[in-house]
Structure formats: structure tokens, C-alpha cells
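First comes the structure, then the notes that go with it.
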Amino acid sequence: MTLNRQQAPRISAIADYKIKEAEKHTLSNGIEVYSINAGTEAVLKLEIVFNGGIIQQQKKCQASFTAQLISEGTSKYSAAEIAEKLDYYGAYFQAKSSYDDSSISLYCLSKYLDESLPFIIEILTDAIFPEADLAIHQKNSIQKLIVNEQKNTFLVRKAFNQHLFGLHNNYGSSADINDINAISRTDLTHFYQNNYQNGIKYITVAGLLQSNTLSTIAKFFDHKAFKTAEISNIQYTPKAYTAENIFIEKPESVQNALRIGKKHINRNHADFRQTQLLNLILGGYFGSRLMKNIREEKGLTYGIYSAIETRQYDAAWYIETEINNNLYEQGLAEILKEIKTLRENLIPEEELSIAKNYLLGSFLRNTEGPFNLADRFKILKDYHLSYQYYYEFLAIVKETSALQLREIANKYLNENELSIVIVGNKK
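For the sequence shown, the numbering used here gives the first residue as 49, with consecutive numbering after it.
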């Protein structure tokens, strides 16, 4: 049979969808372990999630520096020795921090979990944060910051976050050179002890589990060296939102960076799933209205997108692009026109159908395989949601009408309520 490339593949409706759910296990010290036994390859991803995000730090750089330097050696092993020993078993790990938490992930063959975990335990119980490595990291971070501050896209994101979330809020503040120089080894060890060793939120293990996988995890984590994270006592006060136009002059700029947006709802809100669909149509994929108008028809930019950025205590919706400084006003007018069009006119059924199928297809791809399933579970866990959330997502996307989306647009995307942040040359 010859494939006809002039004819689009047939679209099939999602039927009888069932997501593989995580199973809960609780160790005697209270640590929760969630397992997802799935996949065809004998590999595992073990992720330990900590109460160690930017929102928990007491000093700028604490969260990111702790995650980046936690693997720089222990009193027993150097960083190179740990990497070499993990590599011997075909394993590797990564540590990262985000706004709301931090995590350490171990990737290994299922049969070598028992041999690989001791080195992760070494890192979690005896990381020493060498002064020399901290000094190098500070120097590199300063150089990276200096380079980034020459980029309009970096500056526009920084100014936008400061405006939406506030300079004195960990979601909106950012580190400068003085903050980087001020961070000390003591700051990192305190954060490590309080937010890693005594701050485990939960553990996930996903992949082709063996009969002893859970008992192996219990052997290494079910003891007094680790404590569960206490209930968060973060007193987060959202900054009151007011629409504002901000222009940061960079006279030498050829391209102006634009970020246009406002505060938004997060995943716990009933309207969130419909705003995801509306955002997709506006600027969430290559076939979006912003891409067709601003990039393809007008040729004003190479790329433009819109996004919803959720955090556990706040959220934002925005459009971002770069446009030649002679044409940015035209581009801005076209962007606002597209938003107004969504508020005033119904989305054609064909366009809505394509967007729905794209969003549903993306969701299915993101629930394929054990590691993706673990990522989907983490969203539910972090936002205190059940698996019903995903089944509702499928139903809501399928059933949402053009009329409902117009109502959502009027509720959340009034162009007169948007903040416009521009970095570049006014000409």
C-alpha cells in the first residue's frame, strides 16, 4: 500500500482511555513512596522531591546553588568518583530546583537499583559543598548573569515577573551580583539540612519494577537520617495586580523583546482546562493565530507564543516575542487585535476541532511511558488533585464550545487589563 502524502491521516476519537495510576506506599518514618510499574524496558527513574524550592529559600541563590553543588563531593567520595561509580552501573542522576520544590532523580537499570542507591544516599547524608567549588560556581554564575543582562529576552522576563509577583516575593525577585557573592557555604549547608534531609515531600519510582524494588527503596530511606517535610508554613501574599505599560530602554537594540500578560488562575480552578484550550488557539502551538498572523502573514517575527505558567501559590498568562524596533508597534497592535477577536467572535468549528485534536494528542503523548506517567502524577500531587482531573480534562476539551471559549476570553483575556513590558529601542 502506497502512502498518499497529499491526504491527512484520519482523525480518531479517544475511546476507553485509562491512565496508569501511581500506587502509594508509606515508610515507617512517614515518607510516602509512589510507584508506577509500567514500560517494557528494564529501567527505573527514582525521584526524591524536597521542600527546597525558591519559595522556601531564606536567602537568594540558596535553592539553585544547593541543587547545583550538592553533587560536588562528600567526605568519602569526590564528585568524579561518584559519577564514575554510577557510570559503572549505567546509571546517572540529576539535581534541580524550581520555584516550588527541588528534586534529585536517579536513572538506572532496574537490576542495579541496590548498587546505585548508596551513592545517592551519600549525597543526601554527607554532601560537603567544597568552598573551592562554590567560588568557581559563583564566578561562573556572575559571568552568566552579565551575559544574560545583555539579552532583551532575559530582561523582559525579569521585569515582567517583578511586576506581576513583586520584588519582595520569591516568585518575583531575582539575584544580582551582590546576592551571588553573598551566598556562603553555611547558607547552603543550612538549606541542605533543613530542606533536603528534613524536607522530603515524597518519592516516586517509575519503570519496570522488580519484585524487590520497593523493599530496596525502604532499605535506604526508612530510617532516621531522613524526615518528611513539615506542612508548609509559607505565608504567601499575592501582589495586587494592576495593568501597567513598562518600557526599558536599550538604545543599541535592533530587536525589541515584548512580554504581554497578566495574573492568571492555576490548575485548581475549574476554568483552567478551558483556558488551556483557548491559549493553544491563541499562541500555544505552531498553528496558532499569533503564529499565522504575526509570523507567517506579516513577517514581523521569527517566533511568537503564548503560555500559562502555573506555580503552587500564583500563576501568570503571557505572550512573548521579539520584533524589529521599527515594527514593534505594528506587532503589538496585531497581538491586541487577535485577543480582541477572540473576545468578540466565535472560533470557527474547523479551527476549534484542529486545536482540540492537537491538545488531546499532546496529552496522550505526555502519558506514554513510565517516566511521563510519573511527571503527570507529580502535577496531581503538587496541586492536591486526583486522577479524576485528567479524565475531566479529556471531557472538558471534547465538550467545550466556541461560545464557551468566547466567554472564557472575555473573562480572562481583556486586552485592557494586560500589562505590556518591552525592552529595546523606542526609535
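Just so it is clear, CB atoms sit at the ideal spot from N, CA and C, and this is done for glycine as well.
None of these values were measured; they are calculated from a predicted model.
Less than 8 Å between the C-beta atoms of ALA115 and ALA70, yes or no? Judged by their CB atoms, ALA115 and ALA70 are not nearer to each other than the 8 Å cut-off.
#### Entry: Beta-ladder partner(s) of ARG307, from DSSP
BP columns for ARG307 point to GLU368, VAL469.
Check: For PRO418, which of LYS72, THR88, HIS73 has the nearest alpha-carbon?
Finding: With distances taken between CA atoms, PRO418 lies nearest to THR88 out of LYS72, THR88, HIS73.
key: Counted within 10 angstroms of its Cβ, other Cβ atoms place ARG321 as buried (16 or more) or exposed   = Under this definition ARG321 is a buried residue.
Quick check for students: name the residue ranges of the alpha helix (DSSP H) that lie wholly in the stretch 293–347, counting only runs of 4 or more.
For the stretch 293–347, whole alpha helix (DSSP H) runs of length 4 or above, ordered along the chain, are 320–327.
query: Do you know offhand how far ARG233's Cα is from LEU421's?
result: Spanning the two alpha carbons is a distance of roughly 37 Å.
#### Entry: Own chain residues within Cβ distance below 8 Å of LEU236, not counting five before or after
Close CB contacts of LEU236 within its chain, under the 8 Å cut and outside five residues either way in sequence, are with GLN110, PHE113, THR114, LEU117, PHE177, LEU182 (chain order).
If ILE130 and ILE169 are in contact, beta carbons under 8 Å, what's the gap, nearest whole angstrom? By a beta-carbon distance limit of 8 Å, ILE130 does not contact ILE169. Their separation comes to about 11 Å.
Which runs of the alpha helix (DSSP H) spanning at least 4 residues fall entirely within the stretch 376–460, listed in chain order?
Here the runs fully enclosed are 376–392, 397–413, 418–430, 436–447, 450–460.
Q: Take every Cβ of the stretch 292–312, pair it with every Cβ of the stretch 332–342, and state whether three or more of those distances are shorter than 8 Å.
A: Result no; under three Cβ-Cβ pairs closer than 8 Å.
**Asked** Grouping DSSP H, G and I as helix and E and B as strand, with all else coil, what is THR114?
**Response** Here THR114 sits in helix by DSSP.
* Return helix, strand or coil for ALA175, following the three-state DSSP convention. => Three-state DSSP puts ALA175 in a strand.
Alpha carbon of THR122 to alpha carbon of GLY255, nearest angstrom = One C-alpha to the other measures close to 29 Å.
inquiry  = Suppose you measure from the CA of GLU132 to the CA of LYS124; what does that come to, to the nearest Å?
reply    = Each residue's Cα considered, the two are about 14 Å apart.
Original post:
Taking DSSP as the reference, what is the three-state secondary structure of GLU163?
Top reply: Residue state, collapsed to three classes: helix.
**Request:** Take ASN327 as the anchor and find which of LYS108, ALA86, ILE456, ALA381 has the nearest alpha-carbon.
**Result:** Per the Cα distances, ILE456.
* Asked: Which residues in the same chain as ALA403 place their Cβ atom closer than 6 Å to its Cβ, once the five residues preceding and following it in sequence are excluded?
  -> Closer than 6 Å at the Cβ level, and outside the excluded window around ALA403, lie LEU328, ILE329.
(Q) Quick check: the Cα distance between ASP430 and GLN360, rounded to an integer number of angstroms? (A) Distance from the CA of ASP430 to the CA of GLN360, rounded to the nearest whole angstrom, comes to 7 Å.
**Asked** If you drop the 5 nearest sequence neighbours on each side, which residues of the same chain put their C-beta closer than 6 Å to that of LEU348?
**Response** Once the five neighbours on either side are set aside, the close Cβ partners of LEU348 are ILE342, ILE371, LEU375, GLY379.
* Asked: What separation, rounded to the nearest whole angstrom, lies between the Cα atoms of LYS446 and GLU163?
  -> Those two C-alpha atoms are separated by around 47 Å.
Inset, instruction - Please name the residue in ASN229, SER221, HIS271, GLN452 whose C-alpha comes closest to that of GLN324. - result: When each option's Cα is compared against that of GLN324, the closest is GLN452.
Other residues of its chain near THR201: CB distance less than 6 Å, five sequence neighbours each side excluded:
ALA305.
Original post:
Among residues of its own chain, excluding the 5 on either side of LEU193, which ones have a beta-carbon nearer than 8 Å to its beta-carbon?
Top reply: These residues qualify, in order along the chain: ALA223, ASP224, ILE225, ILE228.
Check your understanding: Quick one: what's got a C-beta closer than 6 Å to GLN258's C-beta in the same chain, skipping five residues either side?
Key -> Here the set comprises SER158.
Original post:
In angstroms, rounded to a whole number, what distance separates the CA positions of GLU179 and ILE251?
Top reply: Looking at the backbone, the Cα of GLU179 and that of ILE251 are separated by about 30 Å.
ILE96 versus LEU75, ILE468, SER151, TYR240, residue with shortest Cα-Cα distance | The option with the nearest alpha carbon to ILE96 is SER151.
- Compute the Euclidean distance between the alpha carbons of TYR137 and ALA266, then round it to the nearest angstrom. Roughly 21 Å between the two C-alpha positions.
What's the C-alpha gap between LYS459 and TYR240? So the alpha carbons of these two residues sit roughly 43 Å apart.
Determine the DSSP secondary structure at SER151, reduced to helix, strand or coil. SER151 falls in the strand class under three-state DSSP.
C-beta atoms of LYS287 and ASN218 nearer than 8 Å:
No, the Cβ-Cβ distance between LYS287 and ASN218 is not below 8 Å.
C-alpha gap between ILE84 and ILE184, whole angstroms
Cα to Cα, the separation comes out at about 39 Å.
For a minimum of 3 consecutive residues, which ranges assigned as the beta strand (DSSP E) are wholly contained in the stretch 224–286?
You should have 248–255.
For TYR435 and ILE67, which I take to be in contact (beta-carbon distance under 8 Å), what is that distance rounded to the nearest angstrom? Correct: roughly 6 Å between the Cβ atoms.
- Check the C-beta distance from ALA273 over to ILE313 and give it rounded, since I have them as a contact under 8 Å. Not quite, the Cβ-Cβ distance comes to about 40 Å (not below 8 Å), so this is no contact.
With H, G and I counted as helix, E and B as strand and the rest as coil, what does DSSP make of GLU69? DSSP, read as helix, strand or coil, puts GLU69 in coil.
- Message: Which of the three DSSP states is assigned to LYS144 in this structure?
- Response: Strand at LYS144.
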